[in-house]
Each structure stands twice: as structure tokens, then as C-alpha cells.
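Protein chains in written order, with my numbering: chain A, 7 to 322; chain B, 1359 to 1528.
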Amino acid sequence: MNNNPQLNRNGELQHLLTTEGLPAPILLNILDTAESFVGVTERDVKKVPLLRGKSIFNLFFEPSTRTRTTFEIAAKRLSADVVNLNIAASSQSKGETLLDTVNNLSAMHADMFVVRHSQSGAAHLIARHVRPEIHVINAGDGRHAHPTQALLDMFAIRHYKRDFHKLRVAIIGDILHSRVARSQIHALTTLGVPEVRVIAPKTLLPAKVERLGVHVYHQMAQGLKDVDVLLMLRLQNERMLSARLPSAEEYFKYYGLTQEKLAFARHDAIVLHPGPMNRGVEIDSAVADGKQSVILPQVTFGIAVRMAVMSILAGN
Amino acid sequence: MQLPDAELLLASLTAQMRPGIAANTALVGIYTGGVWLAKRLYRDLEVTLPLGTLDVSFYRDDFGQIGLHPQVKPSDIPFEVEGSHIILVDDVLYTGRTIRAAINELFDYGRPASIRLAALIDRGGRELPVAAQYVGAELALPLDKMLALEKATDGKLTLSLYNKTLRDNE
Chain A
7 MNNNPQLNRN GELQHLLTTE GLPAPILLNI LDTAESFVGV TERDVKKVPL
57 LRGKSIFNLF FEPSTRTRTT FEIAAKRLSA DVVNLNIAAS SQSKGETLLD
107 TVNNLSAMHA DMFVVRHSQS GAAHLIARHV RPEIHVINAG DGRHAHPTQA
157 LLDMFAIRHY KRDFHKLRVA IIGDILHSRV ARSQIHALTT LGVPEVRVIA
207 PKTLLPAKVE RLGVHVYHQM AQGLKDVDVL LMLRLQNERM LSARLPSAEE
257 YFKYYGLTQE KLAFARHDAI VLHPGPMNRG VEIDSAVADG KQSVILPQVT
307 FGIAVRMAVM SILAGN
Chain B
1359 MQLPDAELLL ASLTAQMRPG IAANTALVGI YTGGVWLAKR LYRDLEVTLP
1409 LGTLDVSFYR DDFGQIGLHP QVKPSDIPFE VEGSHIILVD DVLYTGRTIR
1459 AAINELFDYG RPASIRLAAL IDRGGRELPV AAQYVGAELA LPLDKMLALE
1509 KATDGKLTLS LYNKTLRDNE
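Dropping the structure here:
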């Protein structure tokens, strides 16, 4: 027996809740399977019959366009039936609890839940509660985890850089509030990246972040030196109000990724961003649309990676 | 049990197929053994259309029982399927379920003019109405045995017999 709530008793993936604690072979199997789905999405008929007859519920308790849409497309390309629920605007506002909502949907014979919630741990709570034949995918919970985003970033890194074992990777921006950063750090470390850096002002770093195995920098010039991969984070506007930052302009001056700052990194470094971007805040348009940016391929890879996760879960 | 020599069977298969190869004929190998055979046939028969490969994992009918195969390979069909004459290549023809899945997958790339089937070994036991036009040899085997094609480092192909385990079929 294992204590990982994501694995079944055979050690196979039962739910995808976080990249933390997942062994490298499971992460690599997801990336390898996604390679095969990239081909499917380039065909005339962009669909395979794998999840025919399965019902997948997108439970979004927090607004999201890109993640919800890519999960929906991924499920449809696997021939599943998809139901999108924007719960912020429905029964929860009438007072229903999270688990009552899930119970009701389970009674409608759901096979899989894709959950986005502002509270850390929401997807874990649902995973513990559902019947064993139902699978749960965390599509972002509070500040905690966003595993499919991290996996699609890993897919893009492997696509352009091939070998994880020789890379310097920097994560830049609001590490403190970022579920994406946490999931990226765990995935990068597990996949054998020898040097993971975080670059941020002190006010946007969690206390004792070094314990995650990262090197901390507060200045772009030092932090970006010899870096192969730049993982940009979105600076959420609401953080400005919390007095952690003086202004968007000042943030851009010190941490906004311009061509000038990008030149500190290796000449063949790639730039990723999970979107949606704040142009002129964390990233300059010249970089976002420049030749080192792989931000749009990331979106395409995201569909293949989500197809891989859904089909692996549904088969276990 | 004495198994036939895979290299001799492949030579026989090559000779049988030669008259059926035209400018619009394309070979498509099914992973893993079928791809090894298709590569050799592609070279020896001097096929002009590029070689295709299929991994039928996304089209299998036993996904509900055994889940996704852990080592899926990308399918690659680098020619225009619409109007082409395709010969599917597999190592062992058994229940016919792999071939059903392969045909379904091909039709998601377009509408071929025809599909034929070449198999190194036909071991009978069909569960679907599938037949091969080109067969290296017919071989009756006990139900609990699995026949597998293997490739040595020097490229030489051999046949081996295994006891069936839970995950294997065909």
C-alpha cells in the first residue's frame, strides 16, 4: 500500500492532483503518451474513440477560459461527452456545499471531474470523497498546484531542449501566490533538472522557498545568467492592491522580461508563459512575440498533454 | 515446438507481394513487429510512397479492460490516404481485432481506394471477418501461447513463443 492519494493500489495514476510526490516514470509516461496525441491533433479527423461514452465534468468554481477550453477540447478529441459547469454562477451561490455538488454529479454517472477551485486542497477533498471508479484532475487549486500546466511546460521544455539533465531553468515572478510555480518546481526536480532558480522580489517569495531545492535570486542580471529556459509567471493585478509591490511600472522596470534582460540568458534560451499575459508588466511584447518565445506552441501542447492525462486515468 | 524461420517467411512474403506493388501502393506497418517487417518490405520492394506506421492503442477495443498501453508510439502516415492503395503489415494475424483498429485509424486520415493485409504468420482463431491477402505461413498454436517477432541487434528477425500473461493478446 502507498499513502499517495493520487495512486491506486497497483501504483498507477488514479487522480492527478499535484506533481509533488509523483515518480519520474509516471511523469515521463504522460509526456510520451502526449507525443502520440500531437499527431492526432494534426490530422483531418482530430479525434480518437478512446473515451467514447465517458462523461467528463468540468467543475470550474473559479473563472478560467484557456484551461477550461483546452480541457474541453482534449476531452472532445478523445470522444468523451463534456459538461461544463460554471459553479461560481450556479448552485454554490444558492448555498450548496462542494461535496453535495459532487454527489449530485456522481449520481448523473460522471466518470471524471476536472476541478478548478480558489481553495487549496479542493481537488484532494473531492478525490477522497468520490467512488473508486471516478477520476479527478486538479485544474488549479488556490495557491497549491496546477499539475497539467506544469506537465505541458515540461513537454515544451523536452520538445525544444531534449534532455532535462543538463538544464538551468529559471522561474520568474510571483512565486508566492503561484500554484503553477509550485507544480513546475516539483516536476523539474523529479525529472532531474540540476539547477532550478526562482527570481522575484522578496515580497513575492514564500518563506524558506530554498527548501524546495531552488536557488533564489532577486535580480534578473544574475538570475538569468546561463539560463536555458525561462518560465514566466503572470503577475495578478490584485497583488498590486496588497502593497506587496509599489506599481506595475516599477515591477516592469526590475522584473519585466525585455529583450535587454533576456540577453543575460543563453542565446538559445526559450521563454514560456502560462497565460494570460500582462504585456508591459511581466513581459514585453517584443519578447512575447519574439523568436525565443514558445508561448503559443505551449497552448497546442497543452491539449495533447491533457488528452494523455485523461486517457491514462480513464484506463487505470 | 519448432518455429519457422522468420527470415525465410519474410522472403516468401516479399515474393508474394511483388506483383501487387504499383506506384500508388503504400505500406503501413503496425507497431512493433509489423513496423520492422514493413521497413524491410519497403526497401526490398522499392515502394515509392513513403512508409507509414500505426500504433493502434487509441483504437483498441480492450481499453475498458486493460487501459492504455504504457508505451504508445506516435502513428505516422506521411502520404495522402485519400485514393491510395494501402497494404497493412503485421507480424501475427490472430483474432483480427488489431486489424479492425488499424482500419478504423486509417479512415481517420482519409478514404483509401483499397486496403490489403500482409501477415508473417496467420495463427487462425479469428473473432472478426478479417483475412490476409499475403501470408508467410499458417501455424496452429495452443490458446495459452503468444507468438512474438523479435529483432536482434544485427536486424535479424526471429519468432519466439511465450506463455500468455494477463496483459497480452495477439
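We put the beta carbon where it would ideally sit given N, CA and C, even for glycine. All values derive from a computational prediction rather than experimental measurement.
- Secondary structure at Ser299 of chain A: strand, using DSSP grouped into helix, strand and coil.
- Contact annotation, Leu1368 of chain B with Leu1515 of chain B: C-beta distance approximately 6 Å; criterion of less than 8 Å satisfied.
- Here the alpha carbon of Ala1373 of chain B sits roughly 54 Å from the alpha carbon of Phe119 of chain A.
- For Glu41 of chain A, at least one C-beta of chain B is nearer than 8 Å to its own C-beta.
- The C-beta of His183 of chain A has 16 or more other C-beta atoms within 10 Å across all chains shown, which makes the residue buried.
- The residue from B:Leu1464, B:Thr1511, B:Lys1503 and B:Thr1390 with its alpha-carbon nearest to that of Met1359 of chain B is B:Lys1503.
- Restricting attention to A:Gln12, A:Glu255 and A:Val220, the CA atom closest to the CA of Pro138 of chain A is found in A:Gln12.
- When the beta-carbon positions are compared, Pro1408 of chain B and Ser1442 of chain B stay at least 8 Å from each other.
- Those residues of the segment 1389 to 1406 of chain B placed with their C-beta closer than 7 Å to a C-beta in chain A do not exist.
- In the DSSP annotation of this structure, the continuous segment of the beta strand (DSSP E) that includes Asp1480 of chain B starts and ends at Ser1472 to Asp1480.
- Note on geometry: alpha-carbon atoms of Val277 of chain A and Asn64 of chain A lie some 29 Å from one another.
- Taken through DSSP and simplified to helix, strand or coil, Met283 of chain A comes out as coil.
- The beta carbon of His130 of chain A sits closer than 6 Å to the beta carbons of Leu23 from its chain, once the five residues preceding and following it are set aside; these are given in chain order.
- Burial check for Gln1423 of chain B: the Cβ neighbour count within 10 Å stays below 16, so the residue is exposed.
- Where Leu1446 of chain B is concerned, the enclosing beta strand (DSSP E) starts and stops at His1443 to Leu1451.
- Straight-line spacing of the CA atoms in Asn1521 of chain B and Leu1499 of chain B works out to 11 Å.
- Three or more Cβ pairs closer than 8 Å define a contact, and the segment 1483 to 1500 of chain B falls short of that threshold against the segment 1430 to 1440 of chain B.
- By the Cβ criterion, the segment 174 to 192 of chain A is in contact with the segment 208 to 216 of chain A, since at least three pairs of Cβ atoms, one from each stretch, lie closer than 8 Å.
- Taking every protein chain shown into account, the CB of Gln304 of chain A has 16 or more other CB atoms within 10 angstroms, so this residue is buried.
- By DSSP's assignment, Ile276 of chain A forms a beta bridge with A:Val235.
- Between Ala227 of chain A and Phe270 of chain A the beta-carbon gap is near 5 Å, inside 8 Å, which marks them as a contact.
- Secondary structure at Arg15 of chain A: coil, using DSSP grouped into helix, strand and coil.
- Legend: CB atoms of the segment 1482 to 1507 of chain B lying less than 9 Å from CB atoms of chain A are not found in any residue.
- Under the rule that a run must span 3 or more residues, the beta strand (DSSP E) segments found entirely inside the segment 1385 to 1412 of chain B read 1410 to 1412.
- Excluding the 5 residues flanking it on each side, Val1393 of chain B has same chain C-beta neighbours closer than 6 Å at Gly1387 and Thr1411, in chain order.
- The beta carbon of Pro1432 of chain B sits closer than 8 Å to some beta carbon of chain A.
- Going by beta carbons, Gly1378 of chain B and Leu1507 of chain B fall outside the 8 Å limit.
- Taking 8 Å as the threshold, the shortest C-beta distance from Asp1420 of chain B to chain A does not fall below it.
- In this structure, the beta-carbon distance from Met160 of chain A to Leu197 of chain A falls below 8 Å.
- In the three-state DSSP reduction, Met114 of chain A falls in the coil class, being neither helix nor strand.
- In the three-state reduction of the DSSP assignment, Ile318 of chain A falls in the helix class, which pools H, G and I.
- For Gly229 of chain A, the enclosing alpha helix (DSSP H) has its first and last residue at Met226 to Gly229.
- The beta-carbon separation of Leu173 of chain A and Val199 of chain A, rounded to 5 Å, stays under the 8 Å limit for a contact.
- Chain-ordered listing is empty here: chain B has no CB closer than 9 Å to the CB of Asp180 of chain A, the nearest sitting near 36 Å.
- Under the three-state reduction of DSSP output, Ile289 of chain A falls in the strand class.
- Asn10 of chain A and Leu19 of chain A have their alpha carbons spaced roughly 10 Å apart.
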